[in-house]
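Worksheet: the structure to be examined is printed underneath.
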Amino acid sequence: MLRRLVVFSTQTPPEEHTKFGRANVRIHAEIAKAARARDSERVHSLMKARMDEASEYVKRLDGRLDGRLILDSEMAPRPRPLS
0 MLRRLVVFST QTPPEEHTKF GRANVRIHAE IAKAARARDS ERVHSLMKAR MDEASEYVKR
60 LDGRLDGRLI LDSEMAPRPR PLS
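See below:
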């Protein structure tokens, strides 16, 4: 979602983008592991840590929002599959 909403400065060194990508993969693997274990408290904790970490990366990468989140309530209802 961040990749679709945030535009990063072209002046940022590629190494910083690589660090961001690696951190993203690492934390999401941990979140998936906690979810598989049905550890909702750990999932919540990891997601909060991820959002805090992502926010710091966006600042360091000189990112800016180019769009907004889409709420479920704003999406058209999906047709139900025929049974």
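Be aware that the sequence shown starts at 0, since it is given in numbering that gives the first Met the number 0, and climbs by one per residue.
From the three backbone atoms N, C-alpha and C, an ideal C-beta is built for every residue, glycine too.
Applying the criterion that 16 or more other CB atoms from any shown protein chain within 10 Å of the CB defines a buried residue, is residue 81 buried or exposed?
exposed
Taking the alpha-carbon of residue 48 as reference, which of 22, 17, 14, 13 has the nearest alpha-carbon?
22
Considering Cα atoms alone, identify which of 54, 57, 31, 11 is closest to residue 42.
31
Beta-carbon proximity of residue 52 to residue 26, cut-off 8 angstroms:
yes
Beta-carbon within less than 7 angstroms of residue 45's beta-carbon, same chain only, minus the 5 sequence neighbours each way: which residues are those?
26, 29, 30, 33
With DSSP collapsed to three states, give me the class of residue 80.
coil
Measuring only the C-alpha atoms, how far is residue 20 from residue 36?
25 angstroms
Residue 25: first and last residue of the uninterrupted alpha helix (DSSP H) it sits in:
13–35
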